[in-house]
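Quick note on numbering: the sequence shown equals residues -18 to -1, 1 to 589 in mature numbering (1 follows the signal peptide of the UniProt record, and there is no 0).
No residue lacks a Cβ here, since even glycine has one placed at the ideal position from N, Cα and C.
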Amino acid sequence: MKRLLFIVFFLLYNGVNAQTFRSNQQISPDESALAIQYYQASDYEKAVVLLEKLFSTPNNEAYFDLYFNCLVKLKKYDVAEKLVKKQIKQSSQNEIYLIALGKLYQEKGDLTSASKIFTEAINKLPKDEYAIRSLANNFYRFENYEFAIQTFKQGRKLLNNNQLFTFELINIYRFKKDKPMLMQEYLDALSSMPQLLAQAEAVLPAVFEDKSDYQNFQIGILKKIQKEPDAEIYVQLLTWNYIQQQEYDMALRQLIAFDKRTKADGGTLFNAIYTFVDNGAYETAIKAYEYLQTKGKENAYYLPSKIELLNTRYNIQTAGKYNVTDLDLLAKDYQTLIDEYGKNKNTLFAIKKWSILQAYYLKHPEKAGTVLEEAIKMSGINSTDIGQLKLDLGDVYILTNQPWEAFLVYEQVSKQFEGQAIGNEARFRSAKLSFYQGNFEYSNGQCLVLKAATSQLIANDALNLSLLITDNIQTPADSNALKMYADAEMLVFRNLPGEAVKKLDSITLAYPQNSLADAVMMSKARIFIKSSDFQRAADLLKKVTEDFKDGIWTDDALFTLADLYEKKLNDIIQAKLYFQKLITDYPGSMFSAEARKRFRNLRGDGV
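Structure below.
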């Protein structure tokens, strides 16, 4: 199949239109299709009979590749040689037949004659880019990749341009998995074509097999940096290479050295820190932000670094099992920032983070409510931000046992932003509040409205909640079990994970025949993920995918499980397995498109 694709590609490249196959009325379209079908099935004995007839028809040289290859596959070398030499005599200017003759000699084992033909063709190349590409493509057409490479390299010499044919050579090296040459080609090209960086970062992991490949690449990058110490592109590549090996501090060291050497403003380093954060290297990110702050308040990245440092500490300290003392210090640092720069739209992020810490971690929801009420009245805040602040305030009202106030705020936002994402979010929070209170009928009604929401995530969450309710209120026992489950979800909302797990575990004890098993496991898995207990979460998610193949949470469980294996458990094989299962078994899932993208990336499908 791959061989046929090569042939078709190069026929098209050389301008042979598909209509050529039917240009003569003596040829039956059925015969043409049947010949190709036989060829694809490797039934060369049947294919060669039809192809001989098709090729012998005038003006049907397009069948040459298929016919010639059939003869070679069947080891009918004498017939093939006679065919090729006849074509050379008739079309001496068409080098494809000469290359085919060389290919034939290769197949017969006469490597000397083949090499002589190929070398002469390369040596006769004119200073013409089209002619160079044509010869290289003809070599590629007959799977002579080394001679295709030689052709492109000779072309660079003839045209005195080492940047020519970069993409073609990269593709060949990648196809051959020639790691040393692929690395070198990227390294040579990047200084003049920095736009290749993203491609290199996508392609190389698919070719590299272990850490030694990254270490070899690192040697090449360092040599380039020695020759071009001010070339930022190589610093970016080295940073990426260290990150692939999870050597985050080494990456930071290189970035700081470059920043000092070039007396830069810190922009390259600041942008790179997001990569550390995305990979969970928070401690390294903190060191980077602290370094940037040493540049002084007049530096453009001083305040952004101070802000991101606080946010990074927030990510660290609120993940897993948190320490109240650390979070209290963090809240004070946010307060210091607010005091220094005032309460305004520029410090709104700090106000939000401070209020979350007070409400959910430091157990001072009243303080959070007061600050949010004040923030809503601040001037210069756009309507969407005000709407979001109101939603946060509604959540705090639930924590302070003011459900009616929360309901009023949610309704206000849902009406003000009717049909918009934030309006749908407000309606869903109202539905969740009713669910927590055991008002299942009203909650389900709100969810049914949201099933048509433009936001796929909200629509999916609303559908799941609706199905959860309708599937578990058929009997009094079911309804009572669902009330216990709603109580557990309220404990999760209040950030009381230990109590939530106990409540979830008690449901089966109180109602052994309940139908909430998959929902309970999903809730516990989410709690374990938040507390960084990833293996326990994975075990529960697996059970959901195995025991509830038609359940409402199964596609969600598959995606979450694959994501855990990819990002937290570092098991790419398992991640690919579960992404693929989701794609295959649940093609209609809202997670399917993202799963397909992630699966292809893990498989190494490149640029």
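Per DSSP, reduced to three states, the secondary structure at Y493 is coil, with no helix or strand assignment. The C-alpha of A313 lies about 13 Å from the C-alpha of V353. The beta carbon of V31 sits closer than 8 Å to no other beta carbon from its chain once the five residues preceding and following it are set aside. Out of P458, V483, Q456, T457, the CA that lies nearest to the CA of D469 is found in V483.
Here the alpha carbon of F240 sits roughly 9 Å from the alpha carbon of L251. The beta carbon of T329 is closer than 8 Å to those of L319, I320, Y323 in its chain, skipping five residues each way along the sequence. The alpha carbon of D47 has as its nearest neighbour, out of I99, L237, K64, F124, the alpha carbon of F124. The stretch 510 to 581 is shown to contain whole alpha helix (DSSP H) runs of 4 or more residues at 516 to 529, 536 to 549, 554 to 567, in chain order.
Boundaries of the alpha helix (DSSP H) around I440: 438 to 453. As the crow flies, the alpha-carbon of L523 is around 14 Å from that of L559.
When rounded, the separation of the alpha-carbon atoms in L491 and V502 is 13 Å. When DSSP states are grouped into helix, strand and coil, Q208 belongs to the helix group.
Between K506 and L486, the C-beta gap is smaller than 7 Å, which places the two residues in contact. The beta-carbon separation of I380 and L415, rounded to 6 Å, stays under the 8 Å limit for a contact. Its chain contains A413, S416, F417 as the residues whose beta carbon lies nearer than 6 Å to that of S425, once the 5 sequence neighbours on both sides are disregarded; these appear in chain order. Annotation: the continuous alpha helix (DSSP H) that includes F157 extends over 148 to 158. Going by beta carbons, V66 and A82 fall inside the 7 Å limit. When the five nearest sequence neighbours on each side are left out, the beta carbons in the same chain lying within less than 8 Å of the beta carbon of K288 are those of Y271, Q275, L319, in order along the chain. The beta carbon of E355 is closer than 7 Å to those of L375 in its chain, skipping five residues each way along the sequence. Residue environment: F410 is assigned as buried (16 or more neighbouring CB atoms within 10 Å of its CB, all protein chains considered). Short of 6 Å from the beta carbon of A403, and not among the five residues preceding or following it, lie these beta carbons of its own chain, in chain order: S437. In the three-state reduction of the DSSP assignment, F258 falls in the helix class.
Counting only runs that start and end inside the stretch 259 to 343, there is no beta strand (DSSP E) element of at least 3 residues. With fewer than 16 other CB atoms across the displayed protein chains lying within 10 angstroms of its CB, P40 is exposed. Between the stretch 536 to 544 and the stretch 571 to 586 there are three or more C-beta pairs closer than 8 Å, enough to call the two in contact. For Q132, the enclosing alpha helix (DSSP H) stretches over residues 127 to 141.
Assigned with DSSP and collapsed to three states, N426 falls in helix. Nearest C-alpha to I368 among Y155, K327, N51: K327.
The DSSP assignment places complete alpha helix (DSSP H) segments of no fewer than 4 residues inside the stretch 159 to 185 at 161 to 172, in order along the chain. Boundaries of the alpha helix (DSSP H) around T244: 230 to 244. In the DSSP assignment, Q226 falls within the unbroken alpha helix (DSSP H) covering 214 to 226. Cβ contact annotation for G405 (same chain, cutoff 6 Å, sequence separation greater than five): S396, F399, in chain order.
For the pair A267 and T294, the CB atoms are nearer than the 7 Å cut-off. About 6 Å separates the Cβ atoms of R156 and L164, confirming a contact at the 8 Å cut-off.
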